[in-house]
Structures are given as structure tokens and as C-alpha cells.
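These notes concern the structure reproduced below.
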Amino acid sequence: VVGGGAMAGGGAMAGGGAMAGAGGGAAACGGAACGGCETAAGPAVMSYVGSGCGDYIQETSYRYIGCGAGEFEVVATRKPTNISCLVVGGGVGLVALVLVVVVLLISSPTTTTTPLTTALPYDCNTRETWSIAKKDWCCANTQQPPGTCGGTPPTTTTPKYNCNTYEVWSPVKKAWCCANTQQAPGKCGGTPPTTPAQYNCNTREVWTAAKKSWCCANTQQPPGTCGGLPPMPQPPRLPNECLIWGDPHISTFDKSHADFYGEGIKWVVKSSEISIQGKYQATPFTNGLAATHSIAIGGSFLQGHVLKVGPIENGQITWDNAPILGTFGTFNAA
Numbered sequence: 010v011v012g013g014g015a016m017a018g019g020g021a022m023a024g025g026g027a028m029a030g031a032g033g034g035a036a037a038c039g040g041a042a043c044g045g046c047e048t049a050a051g052p053a054v055m056s057y058v059g060s061g062c063g064d065y066i067q068e069t070s071y072r073y074i075g076c077g078a079g080e081f082e083v084v085a086t087r088k089p090t091n092i093s094c095l096v097v098g099g100g101v102g103l104v105a106l107v108l109v110v111v112v113l114l115i116s117s118p119t120t121t122t123t124p125l126t127t128a129l130p131y132d133c134n135t136r137e138t139w140s141i142a143k144k145d146w147c148c149a150n151t152q153q154p155p156g157t158c159g160g161t162p163p164t165t166t167t168p169k170y171n172c173n174t175y176e177v178w179s180p181v182k183k184a185w186c187c188a189n190t191q192q193a194p195g196k197c198g199g200t201p202p203t204t205p206a207q208y209n210c211n212t213r214e215v216w217t218a219a220k221k222s223w224c225c226a227n228t229q230q231p232p233g234t235c236g237g238l239p240p241m242p243q244p245p246r247l248p249n250e251c252l253i254w255g256d257p258h259i260s261t262f263d264k265s266h267a268d269f270y271g272e273g274i275k276w277v278v279k280s281s282e283i284s285i286q287g288k289y290q291a292t293p294f295t296n297g298l299a300a301t302h303s304i305a306i307g308g309s310f311l312q313g314h315v316l317k318v319g320p321i322e323n324g325q326i327t328w329d330n331a332p333i334l335g336t337f338g339t340f341n342a343a
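According to the working numbering, the sequence shown is numbered sequentially starting from 10.
This is the structure we're talking about:
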């Protein structure tokens with residue numbers, strides 16, 4: 010305490026008594042306000058302990074200014090708390106707990122007893138001819154199917170004939186197969202091979218006399234059809250149409266389509282009954298491309314006359330080159 014008073018009065022840091030007094034004051038002041046959980050280990054040295062937690066401030070030399078008023082304090086060197094004992098102790102306890110749980114969960118081993126089996130003196134599942142001793146033992150000690158106790162000799166006989174074929178059998182094969190196999194009723198003796206039919210009786214053309222005679226005698230023909238039927242007549246062809254319009258655009262009788270832009274006279278329809286020709290030439294309205302200019306119609310259906318139809322603007326309608334129908338109306342050629 011006296012040393013502390015000397016430090017407050019401006020005593021030098023070198024004064025041992027003052028330093029000891031200061032150290033004691035610092036321990037009493039700083040330890041209570043800013044102390045930690047660490048313990049002193051070694052001699053005390055001047056160290057930074059934080060603002061407001063020490064008794065000294067740093068100048069050219071340290072000067073005591075009062076408990077808790079400075080930034081530095083004389084403290085002993087501290088070392089971290091040793092927690093190795095806690096870690097080791099906790100680990101040992103955890104391992105011990107795991108071992109106890111494992112011991113409790115492991116059940117006692119289950120033991121099984123395998124009964125001893127005695128080899129049978131005979132194999133009663135075979136079907137060779139059994140000896141007397143095997144027959145007596147198997148019939149007494151096993152459940153054999155009715156009528157089979159005693160074994161069955163293996164079959165060694167190969168059928169003398171193959172009775173599954175249907176060629177014409179010889180008398181010897183027929184007798185053996187009919188006596189030793191189950192043949193379908195009425196089939197014992199085989200079936201002769203099928204010969205190709207002489208005529209195809211499924212056609213319906215007009216049959217020849219020989220085909221009609223053979224088919225009617227050897228096949229089941231539908232009632233009233235034996236002898237074939239004449240071919241069905243073809244239906245008459247329906248009339249069709251041809252359409253011409255514009256430059257021209259043409260839809261033909263056979264459903265084709267064509268466009269013509271060149272000048273000239275072209276056949277539109279040419280047949281024994283009707284003839285139609287078209288005259289095509291360029292106009293001021295088609296930019297040099299040809300358009301329909303006039304149509305000429307003739308043929309036997311007009312009795313040799315010719316009808317021409319020209320454009321409305323500057324053309325004419327003529328009958329045998331004579332103008333007709335100068336205005337809208339009708340014309341009678343009679």
C-alpha cells in the first residue's frame with residue numbers, strides 16, 4: 010500500500026518497493042474487474058490488459074495513476090487451462106458405454122442338433138426288376154404306387170412299324186398296327202396320298218364340258234352354280250366433262266390440268282362425234298401472253314355445221330361463217 014502511494018506521487022518504475030506495492034494494488038483492483046479463468050505461472054510482467062482493466066498507462070515509463078484508471082497492469086504469465094484430462098475421461102466413459110450396450114444386445118448362440126440319418130438299404134425309386142430281398146424291404150417300408158411294388162422292367166422293345174404314317178400300308182403292317190396301337194376309328198390301314206385335282210373348280214369362267222362334268226361329280230358346288238358363271242358385264246362408262254377458262258386453263262376429260270400461253274389454233278376436243286378448236290393469241294390485257302380469242306365447234310352432232318364464237322369486244326358469233334346473234338338472244342339453225 011505504501012509503495013502504491015509512492016507510485017501515485019510520481020515514484021519511478023525502478024523503485025522496487027513501489028513496484029511491489031503497485032503490483033499488490035493491481036492484483037486487488039484489476040483482478041476483480043477484468044480477471045479471467047486463467048492461473049498465474051511465473052513472475053509478473055507488465056502486459057496490456059485492455060482499456061479500463063489495468064492500473065497503468067504507457068508512457069516513456071509506466072506511471073501509476075490509480076486502480077482501474079490506466080491501460081496496463083502487472084500480471085503473471087498465464088497458460089491455457091489443461092482440458093486433456095476431461096477429453097480423455099469423457100472418451101473412456103463413452104467407450105465403456107458402447108461396450109456395455111454391445112454386450113447386452115448380443116444374445117447367447119443358438120445350438121441346433123442335426124439328427125443322424127441312416128442310409129437306406131435299397132433305392133426304391135428305381136424301376137428295374139427288383140430282387141426278392143429288395144422287393145420285400147421296399148414293399149414293407151415305402152409307399153409304392155398301387156400295382157408297381159416290385160419294380161417295372163425297362164421297355165426295350167422298339168415298335169415293329171411306324172403306325173403314324175398314312176401311306177398305303179402293307180397287309181403285314183396293317184395287321185400289326187391295328188393289333189398293337191390305338192388307331193383312329195376308320196383309319197386303320199393308312200390313307201392313300203392325295204392326288205392333285207384335275208380341275209380348279211373354284212373359278213367362275215364358262216366351264217368346258219369336261220371340266221363341268223368332273224367338277225360336278227367330284228366337288229360340292231353351290232346350288233345352281235355347277236358349270237361356272239359367265240364373267241360379269243362391265244358397267245357402261247359414265248360421261249365426263251372438260252372445262253376451259255381464262256388464258257386458257259384446261260381441265261381435261263381424264264382429270265388432268267394444263268395451261269397454255271402460246272399463240273396458235275389448238276384442238277380442244279377431237280372425236281368422231283364432236284370437234285372443238287380454240288384460237289389463242291396475245292391481247293393488250295395479257296402482257297403478250299396468249300389468251301382464248303375464239304372457239305369453233307363442229308362434228309356429226311351438228312350435222313356438218315360449224316359454230317364459231319369470238320370475243321365480245323370485237324368478235325362475232327357465226328354459223329357456217331354467217332354472222333348470227335348480233336345482240337343477246339337465241340338462234341334456231343332449222
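Heads up, the beta-carbon is just placed ideally off N, CA and C, and yes, glycines get one too.
- If you draw a straight line from the Cα of Asn341 to the Cα of Lys264, it comes to about 34 Å.
- Nearest Cα to Gly79 within the set Gly98, Cys148, Val97 and Gly59: Gly59.
- Trp254: member of the beta strand (DSSP E) spanning Leu252 to Trp254, first to last residue.
- DSSP places Ala105 in the uninterrupted alpha helix (DSSP H) bounded by Ser93 to Leu114.
- Scanning its chain for C-beta atoms nearer than 6 Å, with the 5 sequence neighbours on each side dropped, one finds around Ser260 the residues Leu252 and His266, in chain order.
- Residue burial is scored here from C-beta neighbours: Phe262 has fewer than 16 other C-beta atoms within 10 angstroms and is therefore classed as exposed.
- Remark: fewer than three beta-carbon pairs, one from each stretch, lie closer than 8 Å, so the segment 289-296 and the segment 306-313 are not flagged as touching.
- Put simply, of Val177, Gly61, Val181 and Ile74 the residue whose alpha carbon is nearest the alpha carbon of Lys169 is Val181.
- Residue pairing by DSSP places Thr327 opposite Lys317 and Pro332 in a beta bridge.
- CA-to-CA, the gap between Pro52 and Val104 works out to about 42 Å.
- In terms of CA proximity to Val315, Asp329 leads the group Ile304, Asp329 and Gln325.
- For Ala305, the enclosing beta strand (DSSP E) stretches over residues Ala299 to Gly307.
- If you draw a straight line from the Cα of Cys158 to the Cα of Trp185, it is about 31 Å long.
- The C-alpha of Gly338 lies about 16 Å from the C-alpha of Pro320.
- Counting along the chain, the unbroken alpha helix (DSSP H) around Ser222 starts and ends at Ala218 to Asn227.
- Around the beta carbon of Lys317, a 10 Å sphere encloses 16 or more other beta carbons of the protein chains shown; the residue is thus reported as buried.
- Cα atoms of Pro257 and Ala300: separation of roughly 6 Å, rounded to the nearest angstrom.
- In the structure shown, the three-state DSSP call for Asp145 is helix.
- According to DSSP, Glu176 shares a beta bridge with no other residue.
- In the DSSP annotation of this structure, the continuous segment of the beta strand (DSSP E) that includes Gln290 starts and ends at Ser284 to Ala291.
- Under DSSP, Lys279 forms a beta bridge with Ser284.
- Within the same chain, Cβ atoms closer than 7 Å to the Cβ of Ser284 are found at Val278, Gly307 and Gly308, the five residues on either side in sequence being excluded.
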